[in-house]
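One structure is given here, and the rest of the page talks about it.
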Amino acid sequence: MSRLDSFINRMSAQRDILNHVRDHYPLPSEGPIFEIGLGNGRTYSHLRECFPDRRIVAFDRKLAAHASSAPAPQDFVEGEIRETGQSFVKGTAALVHADIGTGYDDKDAVTLTWLPDMVAGMLATGGIAVSGLPLDHADLEPLPRVETIREGRYFHYRRR
Numbered sequence: 001m002s003r004l005d006s007f008i009n010r011m012s013a014q015r016d017i018l019n020h021v022r023d024h025y026p027l028p029s030e031g032p033i034f035e036i037g038l039g040n041g042r043t044y045s046h047l048r049e050c051f052p053d054r055r056i057v058a059f060d061r062k063l064a065a066h067a068s069s070a071p072a073p074q075d076f077v078e079g080e081i082r083e084t085g086q087s088f089v090k091g092t093a094a095l096v097h098a099d100i101g102t103g104y105d106d107k108d109a110v111t112l113t114w115l116p117d118m119v120a121g122m123l124a125t126g127g128i129a130v131s132g133l134p135l136d137h138a139d140l141e142p143l144p145r146v147e148t149i150r151e152g153r154y155f156h157y158r159r160r
């Protein structure tokens, strides 16, 4: 598969799974949404449309989002996510979306040593995690694969 087709599949999977969560899984009544890996802001923009009444806090090494997709300064956390995210491990988030995989197994293996614990710790009970990397954690219950997304492409979980 070409890298372009792979990118399109990943973006389609993100959209499909976020829409599926919006339409089929009620989020806890309170709590922010965390966007782990803002990038250029495409997914952040989609989260704003899907969940217009929620505060969305985005994390990334530096702000590089398109101006139309950039969070307000108070909703952007700049720095190494592994470090900055720790102050948000309070069990309050209704939804955490993490798209920080690199496609390099060795680099993603390092991320998976800390990401599942951080995401589980950020989520309120009943909150939803959506991730491009599998989040193996005792407090995260895997949810059934969305039919339009091939096995292993994107994952979602509910916080026990």
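As numbered in the working numbering, residues 1 to 160 make up the sequence shown, in order. Think of the CB as a built atom: it goes at the ideal place given N, C-alpha and C, for glycine as much as any other residue. In this text the structure is predicted, and so the values were computed from the model without any measurement.
So who's on the other strand from residue i, going by DSSP bridges?
{"i": "residue 8", "result": "BP columns for residue 8 are empty, so no partner."}
{"i": "residue 93", "result": "123"}
{"i": "residue 131", "result": "98, 155"}
{"i": "residue 13", "result": "DSSP output for residue 13 lists no bridge partner at all."}
{"i": "residue 33", "result": "56, 95"}
Do residue j and residue i count as a contact pair if the criterion is CB distance below 8 angstroms?
{"i": "residue 41", "j": "residue 69", "result": "yes"}
{"i": "residue 17", "j": "residue 146", "result": "yes"}
{"i": "residue 76", "j": "residue 63", "result": "yes"}
{"i": "residue 72", "j": "residue 35", "result": "no"}
{"i": "residue 48", "j": "residue 32", "result": "no"}
{"i": "residue 131", "j": "residue 98", "result": "yes"}
Can you find the residues in the same chain that come closer than 8 angstroms, C-beta to C-beta, to residue i, ignoring five residues on each side of it along the sequence?
{"i": "residue 22", "result": "50, 51"}
{"i": "residue 100", "result": "36, 37, 81, 111, 115, 132, 133"}
Thinking residue i and residue j are a contact (beta carbons under 8 angstroms), I'd like their distance in whole angstroms, please.
{"i": "residue 135", "j": "residue 155", "result": "6 angstroms"}
{"i": "residue 91", "j": "residue 118", "result": "With 8 angstroms as the limit, residue 91 and residue 118 do not qualify as a contact, their Cβ atoms being about 12 angstroms apart."}
{"i": "residue 79", "j": "residue 61", "result": "7 angstroms"}
{"i": "residue 126", "j": "residue 28", "result": "5 angstroms"}
With a CB to CB cut of under 6 angstroms and the five nearest residues on each side skipped, what residues in its chain are close to residue i?
{"i": "residue 25", "result": "128"}
Among the residues of its own chain, which have a CB less than 7 angstroms from the CB of residue i, if the five just before and after it don't count?
{"i": "residue 143", "result": "156, 157, 158"}
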